[in-house]
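Protein chains in written order, with my numbering: chain A, 244 to 334; chain B, -3 to 572.
Put into structure tokens, the structure is as follows:
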């Protein structure tokens, strides 16, 4: 299991297009991926491959999230997702 | 069907259209009761429905992306994500495991997610609930083998006929291919009506039950959006008449557009400012094409309803700046946040209100949540540097409120000064006159602010005590109500006595029946939907101050709406 915290700086937060990009990328990896919104006291954990569950975390611009990957290729998956967020979703 | 048949509805957006019907069908999807064959089979049915739905959605999305409509394509991308969503699949499989058929399982799961989103009492999530239900309908359609027909099948310029049209449905509409809109449901303030007016295409709504049975795919329909009349299978005569009207309107609009960029000056040469009411960056850009000389009303709600938290200062500064840059040095009046309990953002705790329109909204809400307003004021001030910007407060109902709001402007400014941030130092501050109390306190309020903008829509509702969306009494809503006209006159006089200028951003400003009266009363600025600007300027150029004043004086002696209507109809005969 690997885990990393990252701040979502995209002005829309983890909604709309960035959320779609995030979910689509996560879905490419075989391992299990969970996300928690630390800024909202992160008790709830959502499956990163589910748009519906991810949206309910309400990750807005400036929020910090914790991404946890477990299983095959967990390191690769984690890095890819962190890169996506840190590159401001390629914008 | 070959007989010519006429129907009547509500004329929601003026203009004549004649063309083939495109029937937008939202099919009746009933969840069947039949017991499932086997758990495995229902799961397979669901997955296959997902595959087919996804294929359709991919096609639509690709078409939109090729048409470079990325924003609308994004909506479909989100829909694809929902179809693929593992949480949705888990939910459906769980229900199927309990013995339900795929349709039932799907409906249950979709409703569960939709309700979860709705429970967040937030516009952003309300839209997500709509998305989930949209996808749910599409999947249900696939399971039931019912063709789900959206606008992606619209291939030729047509008149769209539907039971009703909502935002998620019209999202995929290509305005180039739509000649007019026509719905069984709806009124003047429904989505269809507003969309049609924004796009500048004719629309007839509220036609009733008879509409759909009458409308056959591809058959010809002649529609008059001003009168609200429909002619199915028009005879050769009716066809020619409609086509002639349509051509005349088109020519007229072209003529008006030629001079739209020029200022509107009365016959004596007095310059009247004509501006646009806009609600986002796109409509601001659009407004210039119609000759807008400024923005008389920039609605800022769009910024506050997009997300689960309020927009931060940097985001607001960026957007305001984009709009101000689009308008260059033309004046832009920014209205501070005007929201309430009818459309609540989730990050504000709204009380349950019996009367949200008489309740905690607009400036009242903002004065109770000063951080929200101060952030907005700071953002407007910062973006205003180098531009011609004015701030306007909505729903002011007393002098105390105006003073409290102005204090917050000072607070915003001193914050910026102490932080060494650049901002527009000559931003004037005004108010909307939309409550009767503000209109009656015109003199006192004018002494304490830089300008007024009369919001006739709400002013009329509050003054006549009528909810224009209430079908039972909507006919009482008369923008040219004698009482409202007297209040407007009183307001303008009071403001001018204090050397304060008065504009108007309510619908009345764009109405040809009202323009001469308003000019005669001394209105300094007219702000309206962009597409109405060319005609408004054209009329203003033909009027003399004398004629306008005479019209205003005459109208103010009339006691009834119908007398005023008759008078203005006659008056306008002399002008084209």
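The beta carbon of each residue, even a glycine, is placed where N, CA and C say it ideally should be.
Computed from a predicted model, the values in this text were never measured in an experiment.
- Per DSSP, reduced to three states, the secondary structure at residue 17 (chain B) is strand.
- At a cut-off of 9 Å between C-beta atoms, residue 288 (chain A) does not count as an interface residue with respect to chain B.
- Residue 187 (chain B) places its beta carbon less than 9 Å from that of residue 162 (chain B).
- One alpha carbon belongs to residue 198 (chain B), the other to residue 506 (chain B), and they sit about 17 Å apart.
- In this structure, DSSP gives residue 423 (chain B) a state outside helix and strand, which the three-state scheme calls coil.
- Between residue 334 (chain A) and the set A:254, A:244, A:297 and A:249, the nearest pair of CA atoms involves A:254.
- Residue contact check for residue 54 (chain B) against chain A: no CB pair falls below 9 Å.
- Looking at B:452, B:444 and B:151, the one whose alpha-carbon comes closest to that of residue 59 (chain B) is B:151.
- DSSP, reduced to helix, strand and coil, places residue 507 (chain B) outside both helices and strands of the structure shown, so it counts as coil.
- Within the region 259 to 322 of chain B, complete alpha helix (DSSP H) segments of at least 4 residues are found at 277 to 285 and 297 to 300, given in chain order.
- Nearest CB-CB separation between residue 301 (chain A) and chain B: below the 9 Å threshold.
- Chain-order list of chain A residues neighbouring residue 83 (chain B): 290, 293, 295 and 296, by C-beta distance under 8 Å.
- In the structure shown, residue 188 (chain B) falls within a helical segment according to DSSP collapsed to helix, strand and coil.
- Secondary structure within the region 440 to 499 of chain B: the alpha helix (DSSP H) runs of 4 or more consecutive residues, fully enclosed, are 452 to 460 and 478 to 493 (chain order).
- Taking a beta-carbon distance threshold of 9 Å, residue 259 (chain A) counts as an interface residue toward chain B.
- Residue 376 (chain B) and residue 458 (chain B) have their alpha carbons spaced roughly 29 Å apart.
- Per DSSP, the continuous beta strand (DSSP E) segment holding residue 199 (chain B) begins and ends at 199 to 201.
- Not flagged as an interface residue toward chain B: residue 315 (chain A), since no C-beta distance is shorter than 9 Å.
- In the assembly as shown, residue 467 (chain B) is an exposed residue. Its beta-carbon has fewer than 16 other beta-carbons within 10 Å.
- Taking a beta-carbon distance threshold of 9 Å, residue 256 (chain A) counts as an interface residue toward chain B.
- Residue state for residue 178 (chain B) is assigned as strand, using DSSP reduced to three classes.
- Residue environment analysis places residue 273 (chain A) among the exposed positions, since fewer than 16 neighbouring C-beta atoms fall within 10 angstroms of its C-beta.
- Secondary structure at residue 26 (chain B): coil, using DSSP grouped into helix, strand and coil.
- Under the 9 Å criterion on CB atoms, residue 318 (chain A) is classed as non-interfacial with respect to chain B.
- Interface annotation for the region 101 to 112 of chain B against chain A: 109 and 112, criterion Cβ-Cβ distance under 9 Å.
- Within chain A, the C-beta atoms nearer than 7 Å to that of residue 304 (chain B) come from 301 and 303, in chain order.
- Rounded to the nearest whole angstrom, the C-alpha separation of residue 437 (chain B) and residue 394 (chain B) is 8 Å.
- Chain-ordered, the chain A residues with CB closer than 8 Å to the CB of residue 311 (chain B) read 254 and 304.
- Residue 389 (chain B): not part of any alpha helix (DSSP H); member of the beta strand (DSSP E) spanning 385 to 389, first to last residue.
- The C-beta of residue 266 (chain A) comes closer than 9 Å to at least one C-beta of chain B.
- In this structure, residue 183 (chain B) places its C-beta atom within 9 Å of the C-beta atom of residue 8 (chain B).
- Three or more Cβ pairs closer than 8 Å define a contact, and the region 276 to 290 of chain B falls short of that threshold against the region 543 to 557 of chain B.
- With respect to residue 455 (chain B), residue 480 (chain B) sits close: the two C-beta atoms are nearer than 9 Å.
- Between residue 267 (chain B) and residue 14 (chain B), the gap from beta carbon to beta carbon reaches 9 Å or more.
- Under the Cβ distance rule, residue 263 (chain A) counts among the residues neighbouring chain B, one pair being separated by less than 9 Å.
- The beta carbons of residue 70 (chain B) and residue 262 (chain B) sit no closer together than 9 Å.
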